[in-house]
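Below you'll find the structure, written out as structure tokens, and then a few comments.
2 protein chains.
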Amino acid sequence: MSELGLGDHLIVDLYEVTMLEAYLARGMNELASFELFVRRLPETRRFLLAAGLEQALSFLESFRLSPDELADLSRVHPLSPPVARRLSDLRFSGDVDAVPEGTVMFAGEPIIRVTARLSEAQIVETRLLNIIHFQTLIASKAARAVLAAAGRPLIDFGLRRAHGGEAGVLAARAAYLAGFAGTSDVRAGADLGIPIFGTMAHSFIQAHDEEAAAFADFASVHGARVALLIDTYDTEAGARKVVELAHSLAGQGAAFRAVRLDSGDLAEHARRVRRILDEGGLRDVQIVASSGLDEHAIAALVASGAPIDRFATGTKVVTSADAPYLDCAYKLVEYAGRPRWKRAEGKQTWPGRKQVWRTRNAAGVLVSDCLAPVSETVKGATPLLEPVMRAGRRLGPRRPLEQIRSAALAEVRGLPEGVRSLEPGPRFPVRVSERLAIRSPDPNQGPRR
Amino acid sequence: MSELGLGDHLIVDLYEVTMLEAYLARGMNELASFELFVRRLPETRRFLLAAGLEQALSFLESFRLSPDELADLSRVHPLSPPVARRLSDLRFSGDVDAVPEGTVMFAGEPIIRVTARLSEAQIVETRLLNIIHFQTLIASKAARAVLAAAGRPLIDFGLRRAHGGEAGVLAARAAYLAGFAGTSDVRAGADLGIPIFGTMAHSFIQAHDEEAAAFADFASVHGARVALLIDTYDTEAGARKVVELAHSLAGQGAAFRAVRLDSGDLAEHARRVRRILDEGGLRDVQIVASSGLDEHAIAALVASGAPIDRFATGTKVVTSADAPYLDCAYKLVEYAGRPRWKRAEGKQTWPGRKQVWRTRNAAGVLVSDCLAPVSETVKGATPLLEPVMRAGRRLGPRRPLEQIRSAALAEVRGLPEGVRSLEPGPRFPVRVSERLAIRSPDPNQGPRR
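Going line by line, the protein sequences match chains A and B.
Numbering of the first sequence is given in our numbering, commencing with residue 1250 and proceeding in unit increments.
Numbering of the second sequence is given in our numbering, commencing with residue 1250 and proceeding in unit increments.
Structural data, given as structure tokens:
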């Protein structure tokens, strides 16, 4: 299994190293707790879906600067021999508490908490943020597409415009986790067990002198598995060629699995193509739509009653195009047994290690969240963060992706209707425990949200 | 040198494989030409800066499905023995013509043209787009930040919120290529020779009981190289502590290189901090500003006359946040000696292999571009696409990144003032040669832009 760059430990901000040098020189290496959270949701997000923990734990568990990496580092940032030795010995031997992947989360709520010697907890900051941020970003976007599709399967076709190859694979994972049915990305299929889908590009049609010949060639090789792309020249003419081919091949209906529409007015084309297919006896041939789709386009197509059976999304999901980043941070909340916080304008944090307590009603619908110090118990509520790593080792086996996906789907189903809406609206209320507010040394200048 | 996932050949859309199976089965493997171009620029882009060719050529030159990759592929997509054999033997032995990295480009202009046997030219589509798209996206965004900074150095701090680790490294490259001074990303420094920069995080200050002690600790380890982050609690108070520390350490000014501001009204803080530093005799200490900066925020800070010496950008540049993707495509333009094109609504292409001819005035300023068939010569103009690979081997040595960066800076300087503007405006005119228009089989339904 490809490790997707998780084995590269120089993917790190230089300041993690310069801080480490200072910590080692000053003998500062007590226990530190950092919490990773999203400060504010993008305006177009009502909730987040936590994702990336699996890769984050793999990264932590295998953290080790190889001799080559140390040599590379020394070349661009000369290290003193004691620091080089310490870096060479450095492993992650700390504890991690986290919410399970696929958990619905809101602003200010810790997704993951790292408690370790300061050197260990600090050096992993950059990559940990990099891993959790991206998958959480994409899962949160993909969950909206899943809501919009109202039960119709969604496929991820975004690899080509994902931000690099690793982004393509991790986006496929995040989208699947959020409820997608599969991806076009072979690596994601091979490594992560995600169902893969593929049809043909326009180039396949164009390489043939006749569109009908292209369809026939593809069908002769791939048989009933094929989905034919019918919009290269004229969509409805393409549909009629599919009907003719189906008849010439088998004299009956079910020769092809699907046709794909990739341009123009998808609803209108889908209606016309459906009619052509039905009249041609191809009632079982599905219609797949792609072409710049996001949750709003999908919702509009579904609302229009367009006879589209499946949607393929691409760029807009794998780049989370309307909100391509989350305002996330990895903040020191405790060091050497004392709560720590930051007052920088607009970026204040709550001090101390925290737990998120979630309350649901009898029907399982989410009612409220409460952010509290870890020492506090909120009655009638469930704590979200749970131990996942102790002394640098995972607790329990890896969670199968299928299981995370089912849990995520259930989580989103358990959201109040307003929060499931695709439109912006009031924020879900995250209460802050009084004890947490009291812990701020100066309530007048204390953390605000 | 890390190969950044370029050695992973299963980062590919499944349809490249299904098409290949059909091509092989039907014996279709004549010479094909594909062109990679951007259909339309985002509204907030006036020009593109081509980037990623170096990684694209490495990918093509080393293209080879390893036995492990073939086994992985067969597991998720069963292959017939002949197809498996062909895939195992498949190398890229074709030709590539491309514009040099750092060239200014506009919509519709080919950035790279691949001419190879159909199977080879097709199988590389996904990853080639993935590589060229992302770096071109980021270089084009970063070039705007460079314009806005008006000569002040820019540093990339975006790794943590880049879309994966590979994206962080490639974004650092693209930003440097566009004129940035460096990055925080150690891997980008080690592999690509990009200058790396690092200071400290808020956690460093917070881990100390006193901010002044944190400054003193950092200074004692890093000496004059340090840049101190002064906004954790109160920015101006932080600046005064820097002055005190400088005096206590040396009795004179130049103990520190810089202070960093990372929150609040950066212009106002910069003015106050500058005054405090100057009055404290620290005239040589620079002010670095970060915190959600993009080209517009930088331009506003520069216009306000804020005494900021350097800017650090992050998320908004490495995700190209206002336009996180380009509408790019890799389209078949010729197969078996015949021009090919696509008429799908809104996605029409010009048939045949094309060249971009650029005209400049006597002062070297870009005047117009003309898109023409490769057979045509446009008088007084310079062709942009040049041979870079023949029969699968690079022509000439790798171009040093420094040289690409200088060329890119000169390219942007050579843009008409309007095109260098950060605001949206009229599109730079790309003329289409008459001969190209005539080649469309049916001018009434022919390609339009």
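Backbone N, C-alpha and C fix where the C-beta goes; we use that ideal spot for every residue, glycine too.
{"query": "Contact with chain A by M1277 of chain B, beta-carbon distance below 8 Å", "result": "yes"}
{"query": "Endpoints, the beta strand (DSSP E) within which V1614 of chain B is located", "result": "Here V1614 of chain B belongs to no beta strand (DSSP E), and DSSP marks it neither H nor E."}
{"query": "Three-state class that DSSP yields for F1560 of chain A in the structure shown", "result": "strand"}
{"query": "Distance, H1412 of chain B Cα to H1765 of chain A Cα", "result": "What the structure shows of chain A is the stretch from 1250 to 1698, and residue 1765 of chain A is not part of that stretch, so it cannot be assessed."}
{"query": "Straight-line gap, R1609 of chain B to G1663 of chain B (C-alpha atoms, nearest Å)", "result": "9 Å"}
{"query": "Minimum Cβ-Cβ distance from M1354 of chain A to chain B less than 8 Å", "result": "no"}
{"query": "Interface flag, V1681 of chain A vs chain B, CB-CB below 8 Å", "result": "no"}
{"query": "In DSSP terms, what Y1584 of chain A is bridged to", "result": "A:A1281, A:R1587"}
{"query": "Reference I1454 of chain A, options A:L1419, A:G1442, A:P1444, A:V1491, closest by Cα", "result": "A:V1491"}
{"query": "Cβ-based neighbour list, R1441 of chain A, same chain, cut-off 7 Å, excluding 5 preceding and 5 following", "result": "Reading off the sequence shown, one finds Leu at residue 1441 of chain A, where the question assumed Arg. Taken in chain order, the residues that qualify are R1422, L1650."}
{"query": "Under 8 Å between C-beta atoms of Y1574 of chain B and T1564 of chain A", "result": "yes"}
{"query": "Beta-carbon gap between V1679 of chain A and G1351 of chain A smaller than 8 Å", "result": "no"}
{"query": "L1268 of chain B - containing beta strand (DSSP E), residue span", "result": "Strictly speaking, residue 1268 of chain B in this sequence is Met, with Leu absent from that position. Looking at the DSSP string, M1268 of chain B is not in any beta strand (DSSP E); the run it does join, the alpha helix (DSSP H), is 1263 to 1275."}
{"query": "Interface residues of the stretch 1466 to 1479 of chain A facing chain B [CB-CB below 7 Å]", "result": "D1466, F1467, V1470, H1471"}
{"query": "Bridge partner(s) assigned by DSSP for T1631 of chain A", "result": "A:R1607"}
{"query": "DSSP three-state assignment for V1623 of chain B, whether helix, strand or coil", "result": "coil"}
{"query": "Neighbouring residues, chain B, relative to Y1482 of chain A (Cβ below 7 Å)", "result": "R1592"}
{"query": "8 Å Cβ cutoff met for R1642 of chain A and E1310 of chain A", "result": "yes"}
{"query": "Alpha carbon of E1459 of chain B to alpha carbon of A1439 of chain B, nearest angstrom", "result": "35 Å"}
{"query": "Beta strand (DSSP E) segment containing T1364 of chain A, residue limits", "result": "1361 to 1366"}
{"query": "R1230 of chain A at chain B interface by Cβ criterion, 8 Å", "result": "Because chain A spans 1250 through 1698 in this model, residue 1230 of chain A falls outside it and cannot be assessed."}
{"query": "Minimum Cβ-Cβ distance from D1691 of chain B to chain A less than 8 Å", "result": "For D1691 of chain B, the pLDDT reaches just 45, beneath the cut-off of 50, and the residue's location in the model is therefore unreliable, although a value from the coordinates is still provided. False, the Cβ-Cβ gap to chain A never drops below 8 Å."}
{"query": "Given 8 Å, three or more beta-carbon pairs between the stretch 1553 to 1563 of chain A and the stretch 1534 to 1543 of chain A", "result": "yes"}
{"query": "Beta-carbon gap between S1512 of chain A and K1596 of chain B smaller than 8 Å", "result": "yes"}
{"query": "According to DSSP, residues forming a beta bridge with G1438 of chain B", "result": "G1438 of chain B is not bridged to any residue."}
{"query": "Pairwise C-alpha distance: D1483 of chain A and G1431 of chain B", "result": "50 Å"}
{"query": "Chain-order list of residues whose beta-carbon lies under 6 Å from that of S1553 of chain B (same chain, five-residue window excluded)", "result": "A1516"}
{"query": "T1626 of chain B classed as buried or exposed, judged by whether at least 16 other C-beta atoms fall within 10 angstroms", "result": "exposed"}
{"query": "When A:S1433, A:A1333, A:P1331 are compared against T1375 of chain B, the one with the closest alpha-carbon", "result": "A:S1433"}
{"query": "Reduced DSSP category for V1475 of chain A - H, G, I as helix; E, B as strand; rest coil", "result": "coil"}
{"query": "Chain-ordered chain B contacts of R1363 of chain A [CB-CB under 7 Å]", "result": "Per the sequence shown, the amino acid found at residue 1363 of chain A is Val instead of Arg. Those do not exist, as V1363 of chain A stays about 11 Å from chain B at its closest Cβ, beyond 7 Å."}
{"query": "Neighbour list for G1595 of chain B in chain A, Cβ cutoff strictly below 8 Å", "result": "S1512, G1513"}
{"query": "When B:P1327, B:L1550, B:G1586, B:R1436 are compared against R1474 of chain A, the one with the closest alpha-carbon", "result": "B:P1327"}
{"query": "P1636 of chain A - partner residues in DSSP beta bridges", "result": "A:D1346"}
{"query": "Option in B:F1312, B:A1465, B:L1531, B:I1653 with minimal Cα separation from Y1272 of chain A", "result": "B:A1465"}
{"query": "Partner residues on chain A for I1445 of chain B, Cβ-Cβ distance less than 8 Å", "result": "L1263, V1325, H1326"}
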